[in-house]
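First up is the structure itself, then whatever we jot down about it.
Numbering (the numbering used here), first residue to last: 32 to 508.
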């Protein structure tokens, strides 16, 4: 099956964040793509959801975005009318876009528009977005969905998620609505879900102050970052890791400066540009940093309580003093290379390898570059890798048991989830691919030797020895 990789910068309105991700799509192939939801069922779901018969609706391709916890969807399109993405596994409507209304918004917002129409009141736009989300997201009220990102909300993007007793949000239930601030129309909808209950305990063992210290320590020794700030009260959120496990996290909102003499007064005067703002997610039980994201607002900002003041820390630690909060080596993975047949892969090879407790691990998304099928079972917290030759490998985070076609066997090192992504030890990669994976300490590189030009598992040595790794596998976000 030929897959098409497109690198895109996506505005994910539901998370109020900008991220770089890979958009992948492939023609639907009934011989290799057998999903629980058939294309015929997806057509019926799309028509029922929109209330529109859409007689010219067509299946464009199977589509998903890497680096985001979404599974494959059928991308259905009625030319000139609308686009609907239906989850291939659950039938959940994941995305909807009105083509005419999107075009109208782009025309209204054009810098060439003269005179430019006035924007409508925020209260009117918020009411329209809330009404649309309530009508389109099943269980909106029962799930206690509320508006996120109150301090960074715009007239364009409105994000909703389950509100927790902690005052934070459960990011597993989330949707976003895009409005035309000039005409008031809703032109886009994105959904995460569906309707999961919060099961993780909401009482942290890591305090907010400790989480903030961990977040600030993560900058210590970084070249050109002598100053870091906590710029908003930290909030407890619940997110979902790569194996479907709920994680209670502190959302720590930070900013950095290259000026060693930077002051709080300067930050207050410049607040709003977001040029050096970051969101850091710290596990509220282990202190591990799960996520480090540019662009403030990912996860739901709330107005600061009266009297709350930002916290500024001048960083003096040296790089060699940096350590992970749980005692594991804090890695600089961008310095670790991957060499296939002695050559650096062309383009990005997915997330770089990491080292933990003396072992070297590589991101599970590499399997997609070999055209393997990857699925995960949220309840069982299992990641399944299926090779084109039919062999199936099932593994779990932290387990030293690998199931091969249903038969269990012991493995020396267990898979791990780091910052919400699944990594496999090199020994496990050797077991499931048949190739040689070796850590070269001197070269600071993982060396891969492909055993054969063509393999039963579908892998082939690419021209020039390059290999395309993938990000965002379903078991790793």
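Backbone N, C-alpha and C fix where the C-beta goes; we use that ideal spot for every residue, glycine too. Here the structure is a predicted model, which is why all the values come from computation and not from measurement.
Residue of the options minimising C-alpha distance to residue i
{"i": "residue 426", "options": "418, 439 and 176", "result": "439"}
{"i": "residue 167", "options": "87, 434, 262 and 224", "result": "224"}
{"i": "residue 133", "options": "73, 214, 69 and 174", "result": "214"}
{"i": "residue 64", "options": "94, 76, 268 and 80", "result": "94"}
{"i": "residue 228", "options": "222, 318, 265 and 170", "result": "170"}
{"i": "residue 312", "options": "265, 109 and 396", "result": "265"}
{"i": "residue 212", "options": "442, 196, 230 and 138", "result": "138"}
{"i": "residue 387", "options": "448, 403 and 115", "result": "448"}
{"i": "residue 509", "options": "192, 281 and 286", "result": "The structure shown does not extend to residue 509, since the chain is modelled only from 32 through 508, so no value can be given for it."}
{"i": "residue 384", "options": "476, 135, 116 and 319", "result": "476"}
{"i": "residue 319", "options": "418, 238, 192 and 292", "result": "238"}
Environment of residue i [buried if 16+ CB atoms lie within 10 Å]
{"i": "residue 456", "result": "buried"}
{"i": "residue 360", "result": "The predicted position of residue 360 is uncertain, since its pLDDT is 29 and thus under 50; no value can be drawn from it."}
{"i": "residue 206", "result": "buried"}
{"i": "residue 242", "result": "buried"}
{"i": "residue 469", "result": "exposed"}
{"i": "residue 248", "result": "buried"}
{"i": "residue 299", "result": "exposed"}
{"i": "residue 172", "result": "exposed"}
{"i": "residue 125", "result": "buried"}
{"i": "residue 120", "result": "exposed"}
{"i": "residue 11", "result": "No answer is possible for residue 11: the residues shown for the chain start at 32 and end at 508."}
{"i": "residue 230", "result": "exposed"}
{"i": "residue 432", "result": "exposed"}
{"i": "residue 446", "result": "buried"}
{"i": "residue 113", "result": "buried"}
{"i": "residue 294", "result": "exposed"}
{"i": "residue 436", "result": "exposed"}
{"i": "residue 153", "result": "exposed"}
{"i": "residue 340", "result": "exposed"}
Assigned secondary structure, residue i (DSSP; H/G/I helix, E/B strand, else coil)
{"i": "residue 193", "result": "strand"}
{"i": "residue 444", "result": "coil"}
{"i": "residue 243", "result": "helix"}
{"i": "residue 471", "result": "strand"}
{"i": "residue 204", "result": "strand"}
{"i": "residue 131", "result": "helix"}
{"i": "residue 175", "result": "coil"}
{"i": "residue 157", "result": "helix"}
{"i": "residue 480", "result": "strand"}
{"i": "residue 419", "result": "coil"}
{"i": "residue 403", "result": "coil"}
{"i": "residue 274", "result": "Unreliable positioning characterises residue 274 in this predicted model, as indicated by a pLDDT of 45, which lies under 50. The coordinate reading is nonetheless provided below. Coil."}
{"i": "residue 398", "result": "helix"}
{"i": "residue 59", "result": "coil"}
{"i": "residue 454", "result": "strand"}
{"i": "residue 359", "result": "The predicted model places residue 359 with a pLDDT of 28, which falls under 50 and marks its position as unreliable; any figure quoted below should be read in that light. Of the three classes helix, strand and coil, the one that applies to residue 359 here is coil, per DSSP."}
{"i": "residue 103", "result": "coil"}
{"i": "residue 459", "result": "helix"}
{"i": "residue 70", "result": "helix"}
Cβ of residue i within 9 angstroms of any chain E Cβ
{"i": "residue 391", "result": "Absent here is chain E; the protein component of the structure consists of one chain."}
Residue i beta carbon near the ligand FMN (any heavy atom closer than 8 angstroms)
{"i": "residue 106", "result": "Ligands are entirely absent from the displayed structure, and the ligand FMN is therefore not among its contents."}
Contact belief for residue i with residue j at Cβ below 8 angstroms, rounded distance in angstroms
{"i": "residue 127", "j": "residue 66", "result": "Wrong, their Cβ atoms sit about 20 angstroms apart, outside the cutoff."}
{"i": "residue 189", "j": "residue 178", "result": "7 angstroms"}
{"i": "residue 271", "j": "residue 346", "result": "Going by Cβ atoms, the distance from residue 271 to residue 346 rounds to 32 angstroms, so no, they are not a contact pair."}
{"i": "residue 87", "j": "residue 109", "result": "5 angstroms"}
Continuous beta strand (DSSP E) assignments of at least 3 residues falling wholly in the region 206-233: Here the runs fully enclosed are 217-223.
Quick check on the DSSP output: what are the complete alpha helix (DSSP H) runs of length 4 or more inside the region 282-322, in order along the chain? 295-301
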